[in-house]
Amino acid sequence: MAGSGSNMKNIWIIANWKSNKTIAEALDWVSKVGPAIPKRDGLKVVICPTFSCISEVKKAVTVGNFPLMVGVQDLSPFGVGAYTGEEPAKLLEDYVNLAILGHSERRQNFGETDEMVAKKAEQALANSTIPLICVQNEETPVPEDCKLVAYEPVWAIGTGNPDTPQNAADVAKKLKQKYGGELQVLYGGSVTSQNVKSFVSQENIDGVLVGNASLDAEEFIKIVKGCEE
Ligand code: 13P
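Just so you know, this note's numbering puts 826 at position 47 of the sequence shown, and the rest follows in order with no gaps.
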């Protein structure tokens, strides 16, 4: 999406902490990263901590008035009710803006199917939460009304072996052709401060989803600054 009156597109930089960080570590990260993020329209920086850290992270972001959004790494496919162990979107909406859904680690380790991803996306959309759908390629289905997608090839995750910016941009373009121009497509898989610019400078890539390199506050600040150069 172009910014008003200019050709500036949104840039999403999303930190997926996966199953890492205590509350104290999370708050330390927010206290370092929060003040370092430039405030500008179109720069959308999101932290996705574990469920146990979410309320504390949200409080720290709000008190510091930092230009950071908070997200979750998963959601219940159901609403509130008798669903032991699940975290429904309805109870999270005061804390989060976005939900990562269908990550390959959930599909591999927890048997998540396209059908479950679609139900989770429905819950997100019904509770003012932006669904971020993770796909392997342009064949992975994107549920209806979802406008934010992350292309994350499994072989590039945590390997230090990212896809090429050209190939990632090609997949992003195919997804936009399939689902329409307002779809925004992020790239994820071994993104670092060294290579981030090569991805976000591609016309069809609207940001990055970062795992390992998001855990270190200094490295994450470099990633954000790398996009701004
Ligand atoms: P890495 O950045 O550690 O490769 O992880 C990518 C990822 O899975 C983000 O969701």
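Just so it is clear, CB atoms sit at the ideal spot from N, CA and C, and this is done for glycine as well.
(message) Quick check for students: name the residue ranges of the alpha helix (DSSP H) that lie wholly in the segment 838-897, counting only runs of 4 or more.
(response) Listed in chain order, the alpha helix (DSSP H) runs fully inside the segment 838-897 are 868-871 and 883-889, counting runs of at least 4 residues.
(message) For the alpha helix (DSSP H) containing residue 1001, name the first residue and the last one.
(response) Within the sequence shown, numbered from 1, the residue matching residue 1001 stands at position 222. Looking at the DSSP string, the run of the alpha helix (DSSP H) that includes residue 1001 is 996-1007.
(request) Assuming residue 760 and residue 825 form a contact by the criterion Cβ under 8 Å, report the distance between their Cβ atoms to the nearest whole angstrom. (result) Nothing can be reported for residue 760, as the shown portion of the chain is limited to 780 through 1008.
(request) Would you kindly work out how many angstroms separate the C-alpha atoms of residue 1002 and residue 973, rounded to a whole number? (result) Taking the sequence shown and counting its residues from 1, one reaches residue 1002 at position 223. Taking the sequence shown and counting its residues from 1, one reaches residue 973 at position 194. Rounded to the nearest angstrom, the two C-alpha atoms are 8 Å apart.
(request) Confirm the yes/no value for this check: CB of residue 992, any heavy atom of the ligand 13P, distance under 7 Å. (result) As a first step, residue 992 must be located in the sequence shown, where it is residue number 213. Answer for residue 992: yes, Cβ within range of the ligand 13P.
(request) Can you check DSSP and say which residues form a bridge with residue 791? (result) Locating residue 791 in the sequence shown gives position 12, where the first residue counts as 1. According to DSSP, residue 791 bridges with 823 and 986.
(request) With DSSP as the reference, please indicate the residues paired to residue 963 in a beta bridge. (result) Locating residue 963 in the sequence shown gives position 184, where the first residue counts as 1. Looking at the DSSP output, residue 963 bridges to 927.
(request) Mind reading off the beta-carbon distance from residue 906 to residue 957? Whole number of angstroms is fine, and I expect it under 8 Å. (result) Position 127 of the sequence shown, counting from 1, holds the residue named residue 906. Position 178 of the sequence shown, counting from 1, holds the residue named residue 957. Wrong, their Cβ atoms sit about 26 Å apart, outside the cutoff.
(request) Go ahead and pull the three-state DSSP assignment for residue 970. (result) Within the sequence shown, the letter at position 191 stands for residue 970. In this structure, residue 970 counts as coil in the three-state DSSP scheme.
(message) Between residue 806 and the ligand 13P, is there a pair consisting of the residue's CB and a ligand heavy atom that are separated by less than 7 Å?
(response) The residue labelled residue 806 in the question sits at position 27 within the sequence shown. Within the chosen limit of 7 Å, the ligand 13P does not reach the beta carbon of residue 806 with any heavy atom.
(request) Measure how close the beta-carbons of residue 944 and residue 902 come, nearest whole angstrom, since I'm counting them as under 8 Å. (result) The count along the sequence shown starts at 1 and reaches residue 944 at position 165. The count along the sequence shown starts at 1 and reaches residue 902 at position 123. Not a contact, Cβ separation roughly 33 Å.
(request) Taking residue 938 as the reference, give the member of 823, 991 and 1007 with the closest Cα. (result) Here the question's residue 938 lines up with position 159 in the sequence shown. Closest option to residue 938, Cα to Cα, is 991.
(message) Taking 6 Å as the limit between beta carbons, can you name the residues of its chain near residue 1005, skipping five residues before and five after?
(response) Mapped onto the sequence shown, residue 1005 falls at position 226. Once the five neighbours on either side are set aside, the close Cβ partners of residue 1005 are 972, 975 and 976.
(message) For a test of the three-state rule: what should DSSP assign to residue 921, helix, strand or coil?
(response) By one-based count along the sequence shown, residue 921 stands at place 142. Note: residue 921 maps to coil in three-state DSSP.
(request) Compute every distance between the C-beta of residue 912 and the non-hydrogen atoms of the ligand 13P, then say whether any falls below 7 Å. (result) For the purposes of this step, residue 912 is taken as the residue at position 133 of the sequence shown. Answer for residue 912: no, Cβ out of range of the ligand 13P.
(request) Please go through the same chain and pick out, in chain order, the residues whose beta-carbon is closer than 7 Å to the beta-carbon of residue 962, but skip the five residues on each side of it. (result) As a working mapping, residue 962 is identified with position 183 in the sequence shown. The residues are 926, 928, 954 and 955.
(request) Could you check how far apart the C-beta atoms of residue 993 and residue 794 are, in whole angstroms? I think they sit under 8 Å. (result) Walking along the sequence shown from the start, residue 993 turns up at place 214. Walking along the sequence shown from the start, residue 794 turns up at place 15. With 8 Å as the limit, residue 993 and residue 794 qualify as a contact, their Cβ atoms being about 3 Å apart.
(request) Give every residue of the same chain whose Cβ lies closer than 6 Å to the Cβ of residue 898, excluding the five residues on either side of it in the sequence, and list them in chain order. (result) Along the sequence shown, one-based indexing puts residue 898 at 119. Cβ neighbours of residue 898 beyond the five flanking positions: 856.
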